[in-house]
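Chains as they are written, first to last, in our numbering: chain A, -14 to 249; chain B, -14 to 249; chain C, -14 to 249; chain D, -14 to 249.
Beta carbons are placed, not taken as given, at the ideal position from N, Cα and C, and that holds for glycine.
Bear in mind that the values here come from a model prediction, so they are computed numbers and not experimental data.
There are 4 protein chains.
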Amino acid sequence: MAQKRRASQSPKKGRAGTAKTTAELKAVIDDLVMGNRILYVQDVVDSYGHISARHPRHSDRFLMSRARAPGLVVAADIMEFGLDGELVHPDERPVYSERFIHSEVYKARPDVGAVVHSHSPTVVPFSVTQVPLRPIRAAFFYPEVPVFDTRASAGWTNLLISNSALGRALAQTLGKNSVALMRGHGNVVVAPSLRVVVYRAIYTEANAKLLLQAKMLGGPITYLAPEEAALMDKEQSRQRAGHGHDRTWEMWKQEALARTGKLQ
Amino acid sequence: MAQKRRASQSPKKGRAGTAKTTAELKAVIDDLVMGNRILYVQDVVDSYGHISARHPRHSDRFLMSRARAPGLVVAADIMEFGLDGELVHPDERPVYSERFIHSEVYKARPDVGAVVHSHSPTVVPFSVTQVPLRPIRAAFFYPEVPVFDTRASAGWTNLLISNSALGRALAQTLGKNSVALMRGHGNVVVAPSLRVVVYRAIYTEANAKLLLQAKMLGGPITYLAPEEAALMDKEQSRQRAGHGHDRTWEMWKQEALARTGKLQ
Amino acid sequence: MAQKRRASQSPKKGRAGTAKTTAELKAVIDDLVMGNRILYVQDVVDSYGHISARHPRHSDRFLMSRARAPGLVVAADIMEFGLDGELVHPDERPVYSERFIHSEVYKARPDVGAVVHSHSPTVVPFSVTQVPLRPIRAAFFYPEVPVFDTRASAGWTNLLISNSALGRALAQTLGKNSVALMRGHGNVVVAPSLRVVVYRAIYTEANAKLLLQAKMLGGPITYLAPEEAALMDKEQSRQRAGHGHDRTWEMWKQEALARTGKLQ
Amino acid sequence: MAQKRRASQSPKKGRAGTAKTTAELKAVIDDLVMGNRILYVQDVVDSYGHISARHPRHSDRFLMSRARAPGLVVAADIMEFGLDGELVHPDERPVYSERFIHSEVYKARPDVGAVVHSHSPTVVPFSVTQVPLRPIRAAFFYPEVPVFDTRASAGWTNLLISNSALGRALAQTLGKNSVALMRGHGNVVVAPSLRVVVYRAIYTEANAKLLLQAKMLGGPITYLAPEEAALMDKEQSRQRAGHGHDRTWEMWKQEALARTGKLQ
């Protein structure tokens, strides 16, 4: 696979700049490792599913683990990929077949800084029924949560997004939304940053559970209004110590370390 | 924010009185820390939600953690608030946006000694459907469990009870009841004392699960009668060693320490 | 409360007999402590519920913990009760209000060697609906699982079986069956021996879950036939190393020790 | 029971061959022990259920634990059985009554290298209703998941597959499929190899949960198409480092060791 180098945001830099980049990159990798563990401990991913972050200095690259169960990922597993899903520094290690979910979303959505693909268990049933996944509490479900079906794009497949064409089709279905379901398979969640995408992936599952239970109770359901969602999303997008995803991250990190921390 | 000092029950006291107050306050803070941990371990709160206790000496103040995930709260996180939601001793630490749930309930309900706000997962579906949360076993659901909707009081909002006016409206909906639901958001549970409010918050979730399952079985449901509830509540309000919330507290404390105790 | 001594099976015995009795009693107490822990760890009881065993030498007595959460019970908590629910050796420690469930069942059912009372969560919904708890796999549900309602026997009460009359009424509803539900409250499970009653209590909850899910799938359900149940029960009543409750006990004991073993 | 020796694939071999066989056998036994633990920790089996592997050198034998809860199985528990369910090296230890599930499947299906029998909890409801267990994601559910009923084969029984005739009838119902349900009892899952059968048993339960939830949402369900399943199965059958069951095994092994590893 050719190692294409696309136009990159990274300026020329001297020794100090490199040190800064290294620290910045290390921080992203640390969060990415923790994000893998958190999604596992919070039951969003099982042995499958993956999370990536756009490279902090090269907007045409993203960081993601080698092919490995998220609950076991360590810093040394993180690899750099280009936007055609190719490895920037290829080596022998296996990579996720579905890396094209990530590459094509980063290509299509410059606003996206992090991507989760999961088989989040209560979300899948919404992908195979005609019941739309609508927001009880999840403001980021607006404008909508579309459903992607490989059958519509590519006929009979093994359902995996294992090439750029399928990734592109999925990204097109996702559009400007934050979540898209994948029929009989899972979902993709995107956000401007890694901690927010972890937050969204976890609350996507939580909202699916709430909606399933509300459906079981029966009768009309009062959904979150788009006007309310817009105000909530504005609030949640503010980065404030002790609030929003800053609060959740501290808790989830603690839980992830308690459950998986002995892995170096 | 002005630090108003309201009329307070605390008498003038000498050195011995201060020592007694300090011990009394320490006991409340210890219970409050444990209550935070218990609600987390018992799955009533996740990273969000909060619990407060009225100040044992100043009825116009209440004690609550700084803005932090309940599962991580330690004694040093507990702060004093006045009944307008203001800090008694302000410092730089972030505080819960929704402290007005607590301040306005304490203002409206002199009988209330402790308040829990949570997003208790099986309770939320009842807040967005027209199925009332009625008691299978939870005697404290009488007279009723009303539903508060920010939309009715304040139109489009981000659903947070982030000022005194919204807190007042919620307290008004709560009325003389022990539990009120908040549409698409969560619930508030109140009780005369901290251990009882923890008990009620946990059994609110438990009763919601029982009712959801009874609904799934279908057909008419035999609810707890108000006459039965009155007799149960009388029994449960007696403070007896080894009974009621004394028994549950010992167990829940043990579980909370086992799961979260390593946090100092 | 008078300490009545009823006719007892225990013969006069010398020193060797006493040693044997002591060892026999210790074995029952050890199993009773473990049974308490197992029922907690297997989610049949929470902080409430209790398990008792008939005294191995005095058929007119039974052994049960003082009023305490089952997950915390230790050998020193076990007390001896007579068949009117009275303490054989009274002391200051609080006792379960509902000990009359046990005393009256032992009185009415000489074949019963152990009793569990629990609020087993998936069983309660069957107590408040008109859906009978029928066997998918639980052979001991035959002849039937009747529902006891305090309302029918005693009008408005706090639902607790807190005296002999209520205990007697419950035992009458139980009849010759192994399980009876208690409306809006819980259930009672009986068996010839302690390990079997633990087994039955756990599989009562398991069968309730299976039936609830089968109901959710909809359509006719193939229940275990009484003829099949009779053959299964015969098989399960054989005490064989590595089979039946011998196999489950080894596993559950291991889990209980892992979760609660640090309590001495 | 006669120790029949059937025609075996194992060639005559010298000392080096024996060492190789021993290492090969040890590897299978290690995987079998881990498979027992994994199925327990992943909630497919409780104290009951069993997993076996065909002997790597003698195709007319299989390896399985003595009668013991899978979560407690150690290497010394593994015994060798012939295809009539007889022990190759009989000793005093109790064996599973339902070993005939395994023996008859190995006899009927030369392509099968490993078998799981479990009471996997969400699968049982499908065995007693008329709702077929169809694939949302589980490609190996094709051609179909038949239901075996002891009643149809043998009238009133205790439901156990406790002889060769019942095992044969079950194997006949299983046919060329990978999963068969057993009415009011459990299921049998087969695969070419041990790690794949563990994978299939776990995802059989997962698919049952997805389908139950989809049914609860209501309306038409889009199942995995047979054409899609064929492509998925082809993909999943490839043995690739970091992919398929290689990825899940690493994760599940880690979890199993964390939960049960202290047992030697």
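Alpha-carbon spacing of residue i relative to residue j, whole angstroms
{"i": "VAL90/D", "j": "VAL100/D", "result": "8 Å"}
{"i": "ALA4/D", "j": "VAL18/D", "result": "21 Å"}
{"i": "TYR25/D", "j": "GLU212/A", "result": "47 Å"}
{"i": "ALA124/B", "j": "ARG51/A", "result": "54 Å"}
{"i": "LEU68/D", "j": "SER37/D", "result": "12 Å"}
{"i": "VAL58/A", "j": "LYS238/A", "result": "14 Å"}
{"i": "TYR323/B", "j": "HIS74/C", "result": "Because chain B here runs from -14 to 249, residue 323/B falls outside it and cannot be looked at."}
{"i": "SER88/C", "j": "GLY160/C", "result": "15 Å"}
{"i": "VAL29/A", "j": "GLU240/A", "result": "14 Å"}
{"i": "LEU248/B", "j": "GLY56/B", "result": "With a pLDDT of 47 at LEU248/B, under the threshold of 50, the modelled position of that residue is not reliable, and the figure given next carries that caveat. Cα-Cα distance, rounded: 9 Å."}
{"i": "ARG136/C", "j": "ALA210/B", "result": "10 Å"}
{"i": "THR47/A", "j": "VAL182/A", "result": "Sequence inspection shows Phe at residue 47/A; the Thr mentioned does not correspond to that position. The alpha-carbon atoms of PHE47/A and VAL182/A are separated by roughly 14 Å."}
{"i": "HIS230/C", "j": "ILE23/D", "result": "22 Å"}
{"i": "ALA199/A", "j": "PHE111/B", "result": "7 Å"}
{"i": "SER178/A", "j": "TYR184/A", "result": "10 Å"}
{"i": "SER(-5)/A", "j": "ARG42/A", "result": "The predicted position of SER(-5)/A is uncertain, since its pLDDT is 46 and thus under 50; a value taken from the coordinates is nonetheless stated next. The alpha-carbon atoms of SER(-5)/A and ARG42/A are separated by roughly 5 Å."}
{"i": "TRP141/A", "j": "ARG119/D", "result": "18 Å"}
{"i": "LEU242/D", "j": "ASP16/A", "result": "26 Å"}
{"i": "MET217/A", "j": "ILE187/B", "result": "27 Å"}
{"i": "ASN192/B", "j": "PRO106/B", "result": "12 Å"}
{"i": "GLY246/B", "j": "PRO131/C", "result": "44 Å"}
{"i": "ALA8/A", "j": "HIS104/B", "result": "37 Å"}
Closer than 7 Å at the beta carbon, the chain A residues around residue i
{"i": "GLY227/D", "result": "ARG51, ALA52, ARG53, PRO79"}
{"i": "LEU209/D", "result": "GLY169"}
Where residue i meets chain C, residues with beta-carbon distance less than 7 Å
{"i": "GLU212/B", "result": "TRP141"}
Distance between beta carbons of residue j and residue i, contact taken as under 8 Å
{"i": "THR109/C", "j": "LEU195/B", "result": "Checking the sequence, you will find Val at residue 109/C rather than Thr. Indeed, because the Cβ distance is near 5 Å, the residues count as touching under 8 Å."}
{"i": "LEU155/B", "j": "ALA139/B", "result": "LEU155/B to ALA139/B, Cβ: 11 Å. No contact."}
{"i": "ARG168/B", "j": "VAL113/B", "result": "6 Å"}
{"i": "GLU83/C", "j": "SER147/C", "result": "6 Å"}
{"i": "ALA54/C", "j": "GLU235/B", "result": "6 Å"}
{"i": "PHE85/B", "j": "GLY2/B", "result": "Contact doesn't hold; Cβ gap of about 32 Å is too wide."}
Closer than 7 Å to chain F by CB, residue i
{"i": "THR233/D", "result": "Included in the structure are the protein chains A, B, C and D, with no chain F among them."}
Contact set between residue i and chain D, taken where Cβ atoms lie within less than 8 Å
{"i": "LEU48/C", "result": "Residues of chain D passing the Cβ test: none, with the nearest at roughly 25 Å."}
{"i": "ARG185/C", "result": "In chain order: nothing, as chain D lies at least about 14 Å away."}
Residue i beta carbon near the ligand PLP (any heavy atom closer than 6 Å)
{"i": "HIS87/B", "result": "Judged by which ligands are present, the structure shown has none, so any question about the ligand PLP falls away."}
Beta-ladder partner(s) of residue i, from DSSP
{"i": "ARG39/C", "result": "PHE47/C"}
{"i": "GLY20/D", "result": "BP columns for GLY20/D are empty, so no partner."}
{"i": "GLY67/A", "result": "ARG46/A"}
{"i": "SER112/A", "result": "DSSP, once it has assigned bridges, lists no residue as partnering SER112/A."}
{"i": "HIS102/B", "result": "HIS35/B, VAL173/B"}
{"i": "ALA165/A", "result": "VAL173/A"}
{"i": "PHE133/C", "result": "MET167/C"}
{"i": "LEU72/C", "result": "PHE66/C"}
Listed by chain order, chain D residues near residue i by CB distance under 9 Å
{"i": "GLN239/C", "result": "ALA54, GLY56, LEU57, THR245, LEU248"}
7 Å Cβ cut-off: residues of chain B touching residue i
{"i": "LEU242/A", "result": "In chain order: nothing, as chain B lies at least about 11 Å away."}
Chain-ordered chain B contacts of residue i [CB-CB under 9 Å]
{"i": "GLU190/A", "result": "Going along chain B, no residue has its Cβ under 9 Å from GLU190/A, so there is no contact; the nearest lies around 11 Å."}
Chain-ordered neighbours of residue i on chain D, where CB pairs are closer than 7 Å
{"i": "LEU216/C", "result": "TRP141, THR142, ASN143"}
Contacts that residue i makes with chain A (C-beta to C-beta distance below 8 Å)
{"i": "LYS194/D", "result": "PRO106"}
Chain A residues whose Cβ lies nearer than 9 Å to that of residue i
{"i": "GLU71/D", "result": "Result: empty, since nearest Cβ-Cβ is about 37 Å, beyond 9 Å."}
Members of the segment 90 to 118 of chain B near chain A, C-beta cut-off 9 Å: Those would be HIS104, PRO106, THR107, VAL109, PRO110, PHE111, SER112, VAL113, THR114, GLN115, VAL116, in chain order.
The segment 196 to 207 of chain B: positions lying closer than 7 Å to chain A by Cβ: When C-beta distances to chain A are compared with 7 Å, the residues of the segment 196 to 207 of chain B below that value are LEU197, LYS200, MET201, in chain order.
Residues of the segment 145 to 156 of chain A with Cβ closer than 8 Å to any Cβ of chain D, in chain order: Result list: LEU145.
Interface residues of the segment 160 to 172 of chain D facing chain C [CB-CB below 8 Å]: If the cut-off is 8 Å between Cβ atoms, the segment 160 to 172 of chain D has ARG168, GLY169, HIS170 near chain C.
Residues of the segment 19 to 49 of chain A whose Cβ lies closer than 9 Å to any Cβ of chain D, in chain order: Cβ contacts with chain D: TYR25, ASP31, SER32, TYR33.
Cβ-based contacts, 7 Å cut-off: residues of the segment 122 to 135 of chain C near chain D: Residues of the segment 122 to 135 of chain C with a C-beta atom less than 7 Å from some C-beta of chain D are ARG122, listed in chain order.
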